[in-house]
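Going by the working numbering, the letters in the sequence shown line up with residues 31 to 424, in that order.
In what follows, a single structure is set out as structure tokens and then discussed.
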Amino acid sequence: MLIMVLQSGSDWNFLTPNIEMPSSLYIHIPFCATKCYYCAFNTYSFHKEQAKVYLDALQLEMALYAQQTSSLNTIFIGGGTPSILSANALDKLFADMQKHFRICSTAEITVECNPGTIDNEKLNVMKNAGVNRLSFGLQAMQDKTLRQLGRIHTVDEFLRSYLLAREHGFDNINIDLIFALPDQTMDAWQHTLRETISLKPEHISAYNLVMEESTPFYEWWKSGELVLPSEDAEADMFQWTIETLTSHGYTHYEICNYAKPNREVNHNLVYWNNQEYVGLGVGACGYIDGVRYTNIRGIPPYLEALRKQNKPISEIERLTGHVEKAETLMLALRKREGICLAEYEQRFGEKLDVAFGDTFKKWMDLGLLERNETHLYFTQRGLFLANEVFVELM
Numbered sequence: 031m032l033i034m035v036l037q038s039g040s041d042w043n044f045l046t047p048n049i050e051m052p053s054s055l056y057i058h059i060p061f062c063a064t065k066c067y068y069c070a071f072n073t074y075s076f077h078k079e080q081a082k083v084y085l086d087a088l089q090l091e092m093a094l095y096a097q098q099t100s101s102l103n104t105i106f107i108g109g110g111t112p113s114i115l116s117a118n119a120l121d122k123l124f125a126d127m128q129k130h131f132r133i134c135s136t137a138e139i140t141v142e143c144n145p146g147t148i149d150n151e152k153l154n155v156m157k158n159a160g161v162n163r164l165s166f167g168l169q170a171m172q173d174k175t176l177r178q179l180g181r182i183h184t185v186d187e188f189l190r191s192y193l194l195a196r197e198h199g200f201d202n203i204n205i206d207l208i209f210a211l212p213d214q215t216m217d218a219w220q221h222t223l224r225e226t227i228s229l230k231p232e233h234i235s236a237y238n239l240v241m242e243e244s245t246p247f248y249e250w251w252k253s254g255e256l257v258l259p260s261e262d263a264e265a266d267m268f269q270w271t272i273e274t275l276t277s278h279g280y281t282h283y284e285i286c287n288y289a290k291p292n293r294e295v296n297h298n299l300v301y302w303n304n305q306e307y308v309g310l311g312v313g314a315c316g317y318i319d320g321v322r323y324t325n326i327r328g329i330p331p332y333l334e335a336l337r338k339q340n341k342p343i344s345e346i347e348r349l350t351g352h353v354e355k356a357e358t359l360m361l362a363l364r365k366r367e368g369i370c371l372a373e374y375e376q377r378f379g380e381k382l383d384v385a386f387g388d389t390f391k392k393w394m395d396l397g398l399l400e401r402n403e404t405h406l407y408f409t410q411r412g413l414f415l416a417n418e419v420f421v422e423l424m
């Protein structure tokens, strides 16, 4: 494994090989109205003029990668809050994408939206640009809980935004939820999930709260100001979530993700299959030709690098040997079907047992993993302890 840190003036020409390039694209829009108390993502307060300058720079970065993609099959515009941009700004973003990249007519194009930040004009722009999947960050169905999280929307604002999207013909919508929140009871979580199911979204992402350093929640938790549910209570919430969503026709296809038939998110499957993709925007990550790269996190140095026509990369890591094998395994195990043994052997030229056989035996003896003729995968019990397995694996 080789890790390099950006040197001033580097243009990263090593990322321009004459090979077939990725067919997936991630674009990071880093702006939010406010930052949620649990959030550790690379985000900044929204200012209209700064957003305009940022989108101009993003177009310059698109041009640097324009010849490094195949025809795009998946595009994910995340953040931050992409839907905080004005209709005109969104229109420019999509026009720039269409100018620089070839996009398949059947491409999955997702935009993350926060309730209360979309309107008829923005939805028209997205629909006309070919956006066919929206992802709403709801998190909870109680206004009090939303305030405790630092969210700026209410439940009613979410419902209005969701129904407005339906009126505009969006028929593939994800709703993000979080459980094991401070002071959250099982009854409160069950209310959130039942109300969400009643809306019949095509996809639901249900994550357990993770305490990230450098967030207000982390500081409050360390000082004893936040009381979290016990590990047993969190496990009960997770188990109830799986049972409830699968009984309502959702396939549990990844640790935290549930989809109606044929509504799995194709873009995220690129990540979980450890396949290549281009990442654009401040702090974005990409994976090209065995190289994982991370862009500069700060907006001013990101802008400066692009003014000099340099790719705004701060760090690269060439994944080789055991690190690449372990990462491929770890990501694939997030999927409920697990890792395909034949695909692993084709990729690395050896059977999975060569590098991980002893480790697998231990996990299987503990009842955390199972295998059949084609796949290795987590048991139901293993799902609850997945993070411990991943830590040991890496």
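Think of the CB as a built atom: it goes at the ideal place given N, C-alpha and C, for glycine as much as any other residue.
Quick caveat: nothing in here was measured; it's all calculated off a predicted structure.
Of the candidates E354, G387, E334, K392, E334 places its Cα closest to the Cα of L88.
Distance from the CA of Y67 to the CA of E243, rounded to the nearest whole angstrom, comes to 11 Å. Selection Q128, E225, V161 evaluated against Q169 yields E225 as nearest (Cα-Cα).
G313 and N298 do not touch by the CB rule: their CB atoms are close to 18 Å apart, not below 8 Å. Note on T358: 16 or more other CB atoms within 10 angstroms of its CB, so buried under the neighbour-count rule.
Non-local C-beta neighbours of M51 in its own chain, meaning closer than 6 Å and more than five positions away in sequence, comprise Q98, T99, S100, ordered along the chain.
In this chain, the alpha helix (DSSP H) harbouring A117 covers 117 to 130. In the same chain as C62, and ignoring 5 residues on each side of it, the C-beta atoms closer than 6 Å to its own belong to T73, G110, T111, in chain order. Of the candidates P330, E373, E197, P330 places its Cα closest to the Cα of A81.
Counting the other Cβ atoms within 10 Å of the Cβ of P291 gives fewer than 16, which makes it exposed. Partner residues in the beta bridge of D206, as assigned by DSSP, are G167, S235. Looking only at E306, G199, K392, K152, the smallest Cα-Cα distance to N103 is reached by E306. If you check the CB distance, T184 and D173 come in under 7 Å. For H282, the enclosing beta strand (DSSP E) covers residues 281 to 284.
The region 127 to 140 makes no contact with the region 209 to 217: fewer than 3 CB pairs, one atom from each, lie closer than 8 Å.
The beta carbons of L256 and W250 sit closer together than 7 Å. Following the DSSP letters along the chain, one finds R293 in no alpha helix (DSSP H), marked with neither H nor E. At a Cβ-Cβ threshold of 7 Å, L361 and W302 count as neighbours. Annotated as proximal: R348 and G320, with beta-carbon spacing under 7 Å. Contact between A93 and H130 is confirmed by a C-beta separation of about 6 Å, below the 8 Å threshold. By the beta-carbon neighbour count (other beta carbons within 10 angstroms, threshold 16), L120 is buried. Distance from the CA atom of K355 to the CA atom of Q410, rounded to whole angstroms, is 24 Å.
If the five residues before and after G199 are omitted, its C-beta is found closer than 8 Å to the C-beta atoms of K157, all from its own chain and listed in chain order. Around the beta carbon of K365, 16 or more other beta carbons sit within 10 angstroms, so the residue counts as buried.
By the neighbour-count definition (other C-beta atoms within 10 Å, threshold 16), E367 is an exposed residue. Inter-residue distance for P231 and C286 is about 15 Å (C-alpha atoms, whole angstroms).
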